[in-house]
Every structure is written in C-alpha cells, then in structure tokens.
Amino acid sequence: MSRNNLPLVLLPGLLNDHRLWTHAQATFASDREILIPDLSQHESIVAMADHVLEQAPPRFALAALSMGGYVAFEILRRAPERVARLALLDTTARPDEPERARVRRGLLELAGLGKFKGVTPQLLPRLMHARALESQVPQVVMDMADAIGREGFIRQQRAIIERADYQPLLAAIKVPTLVLFGAQDEITPLTEARVIQAGIPGARLEVIEACGHLPPLEHPERTSELLGQWLDGRFDA
C-alpha cells in the first residue's frame with residue numbers, strides 16, 4: 001500500500017469525540033480508510049491503546065491530539081511496526097507534575113460527587129484562542145463534553161493521571177513525525193512540542209498562530225493542509 005492511500009487513525013483528546021476531526025475526516029476520507037476510535041470507555045492508556053490496535057488496520061498513519069497523544073505513544077511502545085507515520089498535536093511525552101495531578105484528582109473527586117459540569121463557558125478561554133470564542137467552536141467543544149459525560153470523564157482522567165512517562169520512548173520512534181501545536185496553547189504549552197521534536201529523530205515542528213489547544217477545530221483548514229503534507233511525505237527527513 002502506498003503512503004498516498006495509507007489508512008489514517010485519528011485519536012481525540014479528553015472530552016473529545018469524532019467531531020474534533022470533522023474537517024480532517026472530510027478532507028481525507030475520499031482516498032483512504034479513516035478510523036476515529038472512542039477513547040471514553042477505558043480507564044487506562046494501555047487499555048485505550050489495545051482498543052485502538054484491535055480496531056485498526058495492520059499498518060496505518062496515526063494522528064493524535066492531547067490525551068490521544070498519550071495513547072499514540074503507548075501504541076508505538078506496544079506495536080511500533082504497525083505505525084507508518086505519526087502526527088502529534090498539542091500533547092506531551094511527560095507525566096503530570098505533582099500539582100497538575102493534584103488538580104486532576106480534585107476534579108475526579110468532584111465528578112464522583114455528581115458535580116461534573118462538562119466544559120463550562122468559563123473554561124473555554126483556556127482551551128482556545130480568543131478568536132475561536134466568537135465562532136461555533138465553543139458549542140462543539142461543550143457538546144462533545146456533554147456526549148462523553150461524567151463517567152467517561154472519570155475514566156479518562158484516571159487514565160491520564162496514571163499514564164507512563166513516554167520521554168524514554170522518543171528516541172526509538174523512527175517513523176516520519178509531525179509535531180503540530182497551537183502557538184497560544186495554555187493547556188500544553190509550546191515547550192512540550194520542543195521536547196518532543198528534540199527527542200524524535202527528524203521530527204518536524206509546525207506551529208499555528210492565533211491558536212490554542214484545539215487546532216483541528218480552531219484552524220481546521222490549516223490543520224488539514226499540514227496533515228495532508230505529512231501524509232504525502234513532504235516533511236520526511
């Protein structure tokens with residue numbers, strides 16, 4: 001199978017579903033198989049990775065955002081021969097620092113008490129650039145969170161808290177890799193992109209300006225353009 005019709009697996013982030021990748025799916029579905037797994041039903045990154053590998057074709061291109069990036073790293077640790085190329089969006093190879101893990105546990109406790117509120121309007125400015133706040137993106141983000149729901153949120157946060165440190169894996173990643181970040185991401189800052197780029201041999205870093213944590217929604221056309229170039233091998237070292 002040539003790289004031009006390689007199946008594409010797209011992994012969403014925390015409280016995201018297939019709608020995160022609406023533009024990319026529409027862009028690439030005419031010439032390749034697209035798979036967007038549900039990552040809301042498992043309580044560990046390992047289980048999520050196994051779920052993806054069970055569904056995915058024998059060999060595929062893998063693009064992943066945020067929590068999906070942790071799953072992508074685990075897939076590469078477990079079955080590197082199945083991944084032909086890799087795109088990592090607004091994610092980190094590092095585990096949570098103690099303070100961030102403490103905040104996550106606090107959110108888990110609140111959710112366990114029935115106080116899960118999804119993505120509230122107050123949270124939106126942290127998730128996306130101010131430009132996106134005036135678009136349809138906030139409603140899509142809130143709708144996705146509502147669809148994942150309280151139980152899905154609890155499972156995903158538990159998985160994130162307990163995830164491995166994937167920094168030791170980076171040097172072993174030998175496939176063409178695109179690291180794509182929003183320049184103004186407040187959730188996963190650009191410093192994390194540079195750690196990944198430095199760690200993966202030949203990785204290409206692309207930064208989208210006026211963009212926060214969700215490039216596929218905030219700048220769907222540019223994101224799909226860069227993913228298309230990555231799929232076509234234009235960034236290969």
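Just so we're aligned, residue 1 is where the sequence shown starts under full-length UniProt numbering, counting upward by one. Think of the CB as a built atom: it goes at the ideal place given N, C-alpha and C, for glycine as much as any other residue. Since the model is a prediction, treat every value here as computed from it, not as a measurement.
Within 8 Å (strictly less), CB to CB, does residue i reach chain C?
| i | result |
| --- | --- |
| residue 186 | Judged by its chain identifiers, the structure shown contains no chain C, having just a single protein chain. |
Hey, residue i and residue j: beta-carbon distance below 8 Å or not?
| i | j | result |
| --- | --- | --- |
| residue 40 | residue 162 | no |
| residue 193 | residue 211 | no |
| residue 71 | residue 35 | no |
| residue 137 | residue 65 | no |
| residue 76 | residue 173 | yes |
| residue 83 | residue 141 | no |
| residue 159 | residue 48 | yes |
| residue 17 | residue 215 | no |
| residue 23 | residue 37 | no |
| residue 107 | residue 187 | no |
| residue 145 | residue 15 | yes |
| residue 123 | residue 133 | no |
| residue 63 | residue 190 | no |
| residue 155 | residue 42 | yes |
| residue 235 | residue 207 | no |
| residue 104 | residue 157 | yes |
| residue 213 | residue 232 | no |
Going by C-alpha distance, which of the options is nearest residue i?
| i | options | result |
| --- | --- | --- |
| residue 58 | 14, 6 and 66 | 6 |
| residue 88 | 177, 103 and 122 | 177 |
| residue 92 | 122, 132, 13 and 27 | 13 |
| residue 200 | 234, 126, 73 and 52 | 73 |
| residue 195 | 49, 27, 29 and 94 | 94 |
| residue 86 | 147, 204, 144 and 131 | 204 |
| residue 171 | 96, 224, 197 and 221 | 197 |
| residue 26 | 125, 223, 236 and 230 | 223 |
| residue 219 | 189, 135 and 166 | 135 |
| residue 61 | 230, 149 and 131 | 230 |
| residue 166 | 129, 67 and 236 | 67 |
| residue 20 | 143, 33 and 168 | 143 |
| residue 46 | 139, 152, 164 and 153 | 164 |
| residue 81 | 131, 31, 28 and 56 | 56 |
| residue 179 | 168, 202 and 169 | 202 |
| residue 139 | 121, 98 and 97 | 121 |
| residue 238 | 130, 110, 169 and 129 | Any property of residue 238 remains undetermined from this structure, which presents the chain solely from 1 to 237. |
| residue 131 | 28, 102, 29 and 209 | 209 |
Over what stretch of residues does the alpha helix (DSSP H) that includes residue i continue unbroken?
| i | result |
| --- | --- |
| residue 75 | 67-78 |
| residue 19 | Counting along the chain, residue 19 falls outside any alpha helix (DSSP H), and DSSP gives it neither H nor E. |
| residue 195 | 190-199 |
| residue 165 | No alpha helix (DSSP H) holds residue 165; DSSP gives it neither H nor E. |
| residue 219 | Careful: residue 219 lies outside any alpha helix (DSSP H) and carries neither H nor E. |
| residue 50 | 45-55 |
| residue 125 | 124-127 |
Beta strand (DSSP E) containing residue i: first to last residue?
| i | result |
| --- | --- |
| residue 137 | That residue, residue 137, is in no beta strand (DSSP E); its alpha helix (DSSP H) goes 137-161. |
| residue 206 | 204-208 |
Per DSSP, which one or two residues make a beta bridge with residue i?
| i | result |
| --- | --- |
| residue 235 | BP columns for residue 235 are empty, so no partner. |
| residue 6 | Answer is none; residue 6 lacks a bridge partner. |
| residue 179 | 88 and 205 |
| residue 62 | 9 and 86 |
| residue 35 | 9 |
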